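>
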Amino acid sequence: EDNELPLINMNVEIRTGGVMVPNEKAGLASITGTVIRSGGTEAHPADELNVLLENNAASIETWIGFTSGGARMNVLKEDFNELLPVLIDILANPAFPKDKIELAKTQQKTAISRRNTRSQQIGVREFQRLIYGTESAYGRNTEYATINNITREDLVNFHDKYFVAPNLMVGVVGDFDASEMKKKLKNAFADFPTGQEATLDFPEVNYEPVSTINFINKSNVNQSFVMMGHIGGLRSNPDYAEIQVMNKVLSGGFAGRLMQIVRTKMGLAYAVFGQYGMNNFYPGMFYTGVMTKSATTAEAIDAIIEQVERLQNEPITEEELQATKDQILNSAVFEYDSYEQVLYQQMSYDYSGLPANSFEQYLEDVKATTIEDVQRVAQKYLDPDQLQILVVGNKAEIGDQLQKYGEVNVIDISIPQPGDNEKQMVEGDAAKGAALLSKMADALIASGTKLNTLTVSGKVLAMGRAITTSMTIDYPDAIEQRIQTPRGEMVLSLKDGKATMSMGAMQRTLPAASPMVSGLKSSLNKSLIAIALKKDDLNPQFVGTESVESKTYNALSIKVNDTNITLLLNRKTNYPAIMKFSKFVPRQGKTVTVENHYSKWKTNGGVAYPYSQVTLIDGKKTAEMTVESHQPNK
-11 EDNELPLINM NVEIRTGGVM VPNEKAGLAS ITGTVIRSGG TEAHPADELN VLLENNAASI
49 ETWIGFTSGG ARMNVLKEDF NELLPVLIDI LANPAFPKDK IELAKTQQKT AISRRNTRSQ
109 QIGVREFQRL IYGTESAYGR NTEYATINNI TREDLVNFHD KYFVAPNLMV GVVGDFDASE
169 MKKKLKNAFA DFPTGQEATL DFPEVNYEPV STINFINKSN VNQSFVMMGH IGGLRSNPDY
229 AEIQVMNKVL SGGFAGRLMQ IVRTKMGLAY AVFGQYGMNN FYPGMFYTGV MTKSATTAEA
289 IDAIIEQVER LQNEPITEEE LQATKDQILN SAVFEYDSYE QVLYQQMSYD YSGLPANSFE
349 QYLEDVKATT IEDVQRVAQK YLDPDQLQIL VVGNKAEIGD QLQKYGEVNV IDISIPQPGD
409 NEKQMVEGDA AKGAALLSKM ADALIASGTK LNTLTVSGKV LAMGRAITTS MTIDYPDAIE
469 QRIQTPRGEM VLSLKDGKAT MSMGAMQRTL PAASPMVSGL KSSLNKSLIA IALKKDDLNP
529 QFVGTESVES KTYNALSIKV NDTNITLLLN RKTNYPAIMK FSKFVPRQGK TVTVENHYSK
589 WKTNGGVAYP YSQVTLIDGK KTAEMTVESH QPNK
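Under the numbering used here, the sequence shown is numbered contiguously, ending at residue 622.
1) What would DSSP say about Ala46, mapped onto helix, strand or coil?
2) What's the gap between the Cα of Lys571 and the Cα of Leu604?
3) With distance defined between alpha-carbon atoms, name the residue in Gln109, Asn69, Ser101 and Gly27 nearest to Ile78.
4) Counting C-beta neighbours from all protein chains within 10 Å, is the total for Gln232 16 or more, i.e. buried, or is it exposed?
5) Can you look up Ser617 in the DSSP assignment and give me helix, strand or coil?
6) Run through DSSP, which three-state label would Lys65 get?
7) Starting from Asp484, trace the alpha helix (DSSP H) in both directions and tell me its first and last residue.
8) How long is the line joining the alpha carbons of Asn210 and Glu385, rounded to whole angstroms?
9) Please classify Ala634: does DSSP put it in a helix, a strand, or coil?
10) Exposed or buried, what is Asp408 when buried is set at 16 or more other beta-carbons lying within 10 Å of its beta-carbon?
11) Examine the ligand SAM and report whether any of its heavy atoms sits within less than 6 Å of the Cβ of Glu168.
12) Which full runs of the beta strand (DSSP E) of 3+ residues lie inside the segment 155 to 242, going along the chain?
13) Going by other Cβ atoms of all chains shown within 10 Å of its Cβ, with 16 needed for buried, is Met494 buried or exposed?
14) Any idea what DSSP makes of Arg470, helix, strand or coil?
15) Between the segment 242 to 249 and the segment 316 to 327, do three or more beta carbon pairs fall short of 8 Å?
16) Give the DSSP-derived three-state secondary structure of Gly476 in the structure shown.
17) If you drop the 5 nearest sequence neighbours on each side, which residues of the same chain put their C-beta closer than 6 Å to that of Thr457?
18) How is Asp408 classed by DSSP in three states: helix, strand or coil?
19) Assuming the contact rule is C-beta atoms closer than 8 Å, Leu512 and Pro620 should be a hit. Round their C-beta distance to whole Å, please.
20) Return the residue from the list Leu64, Gln109 and Ala17 that minimises the CA-CA distance to Val160.
21) Nearest by alpha-carbon distance to Phe177: which of Thr285, Met489, Leu390 and Ala80 is it?
22) If you reduce the DSSP assignment to three classes, tell me which class Ala565 lands in.
23) What would DSSP say about Gln601, mapped onto helix, strand or coil?
24) Who are the Cβ neighbours of Ile546 in its own chain at under 6 Å, not counting the five residues just before and after it?
25) Would Leu432 and Ala520 be called neighbours here (beta carbons separated by less than 7 Å)?
26) Quick one: what does DSSP say Glu294 is sitting in, helix, strand or coil?
27) Taking Asn318 as part of the alpha helix (DSSP H), name the residues at either end of that continuous run.
28) By a C-beta neighbour count over all protein chains shown, 10 Å radius and 16 as the cutoff for buried, is Met61 buried or exposed?
29) Going by DSSP, what residues sit across from His32 in a beta bridge?
30) Would you mind working out which of Ala31, Asn202, Val595 and Glu90 sits nearest Lys622, comparing C-alpha positions?
31) Only counting the same chain, and skipping five residues up and downstream in sequence, which positions put a Cβ closer than 8 Å to that of Glu410?
32) Could you work out which residue in Glu1, Ile2, Pro82 and Glu70 is closest to Val23 when comparing CA atoms only?
33) With a CB to CB cut of under 8 Å and the five nearest residues on each side skipped, what residues in its chain are close to Ala311?
34) List in chain order: all unbroken beta strand (DSSP E) runs of 3+ residues lying wholly within the segment 365 to 439.
35) For the 8 Å Cβ check, are there 3 or more pairs between the segment 353 to 360 and the segment 300 to 314?
36) Tell me where the alpha helix (DSSP H) around Ala99 begins and ends.
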């Protein structure tokens, strides 16, 4: 009971988790947890549910993490009786509408497409995979393919298996009478679906101590993000309290040795951290890490290893011990300073199979920890000679610093695309294909014309907006695009393999995986003029004729920069009328078919160009460009 405010907060712990999902369907638990709430129920459809909660200033959330699932409801006391059945309906009878499932899957795919943006995110993820293994449930990635494998039936079956009465634990805090609340909850949950109590299967971690040095190149940064360590332990370890004291000595905020030595005294780190991790259900990780200038990568690594070894070789001081104990004991006062925190702590201990007095016992064990205990656990659980080191940084700036630690293993973090997105180029008549491509090139670039650059200006209509733009291609490998925006002119440039974006005085380098870079490369490599200029280096295949809207065209199959392209050529003029190819869209996590339709050809300076261009994706018009001028060699 907490009668300070007229509020009631309910927390439901559910024995389930992503650990129970097979690797080929990684992401299923998270999507299920999202759509249980976002999809509503038959009695409370999603839109009506949102309005109901908003009108009552209430919230209901559901989720499923790796080791547990849960739900939370926050309501005014006066609305509890009305909304409790709504929460139970959501947990017991989710509708799982297909549109909400697809939205949740798209959100997961968007997250996948962005996962290689930040060095810290990359480093933590890939270090975890080093420790647990890439095929382990603890180290696997959610991929486009695993999301695509998930069906509505999977969500329904996962929910039906785990969202049953024996797997639920309910906690309530707020303005009520406890005895009345117990009766109310028993009655409300009386008809909740029955089933078998789940036993969560946490795979054994077979870790072999090994020393490795691993590198991930991120060319657009000027600092290194480093993680190093090995397997950690379990929360049930009798040495838990002593290890926590050791953790604080090593990296207890600004008072910890890593901060004091590596950051403050040596000036090597923007940030430095470390911890011997101890999980409830499977071993955690021991890790230390640093963010440092590229030039000081190895120096920072050595400084951290030195502090780990120092914990083993030198007893800490009495002052350090007492300061660390005080830090832990004083902060404990604020860790569980509300009824809600206390209740949820007890639920967590119960869920994890820990004694109810675990926190109190931890504090007593901290008080009893000695200098000798800290050195003992450092010697027993830390192994600085068998560290796995991972560096995310700029290869050009780091140079050969990492070779001193052994053979450097370069980790590939490219995001796998689902399925076979690039089919083999269709084989056909190579001789006729070469002849037709030569005719197309002659139609686009008049004989005797030496083309170095081409500037095209016009307007693009996309998503209901008209955008003024110009593009200059400096053949064969440079392109600049200027786009007029409400905030001024934006300039995108690709030259010597480096892409930049500028607006006014601001200029920044674009990451290689940026959609803008992909667009520039596509405009450069797939432009009709570029194909015409490279005609002698390609292997075009005539694959017959194809009819579109009662017109028949000659069809050429060409491979350009690993993309298979089909060109449909006008049989009289040899102008290309349609270009077709497939491309993978990261944020959607799927391959789409792109069609560019060309018409209204005009010639200037011996170069022909289509003044009307329409783009279709999977048959739907997405953009239209009206060209106003094209200037060769301007």
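We treat Cβ as the ideally placed atom computed from N, Cα and C, and that holds for glycine.
Only a predicted model underlies this, so the values are computations on that prediction, with no experimental measurement involved.
Let's see:
1) coil
2) 12 Å
3) Gly27
4) buried
5) strand
6) helix
7) Unbroken run through Asp484: none, as it is neither H nor E.
8) 7 Å
9) The first residue shown for the chain is -11 and the last is 622, placing residue 634 beyond what the model contains.
10) Legend: pLDDT at Asp408 = 49, less than 50; position of this residue unreliable, value from coordinates given subsequently. Exposed: under 16 other Cβ atoms inside 10 Å.
11) As presented, the structure is devoid of all ligands, the ligand SAM included, so that no description of it is given.
12) 156 to 162, 200 to 205 and 211 to 219
13) exposed
14) strand
15) no
16) strand
17) Val448 and Ile471
18) For Asp408, the pLDDT reaches just 49, beneath the cut-off of 50, and the residue's location in the model is therefore unreliable, leaving the point undetermined.
19) Going by Cβ atoms, the distance from Leu512 to Pro620 rounds to 16 Å, so no, they are not a contact pair.
20) Leu64
21) Ala80
22) strand
23) strand
24) Leu526, Pro528 and Ile553
25) yes
26) helix
27) Glu306 to Glu323
28) buried
29) In DSSP, His32 forms no bridge with anything.
30) Val595
31) Model confidence at Glu410 stands at a pLDDT of 47, short of 50, so the residue's coordinates are unreliable; what they give is reported in the following sentence. Correct list, in chain order: Asp550, Thr551, Asn552 and Ser570.
32) Pro82
33) Ala243
34) 376 to 381 and 396 to 398
35) yes
36) Lys86 to Ser101
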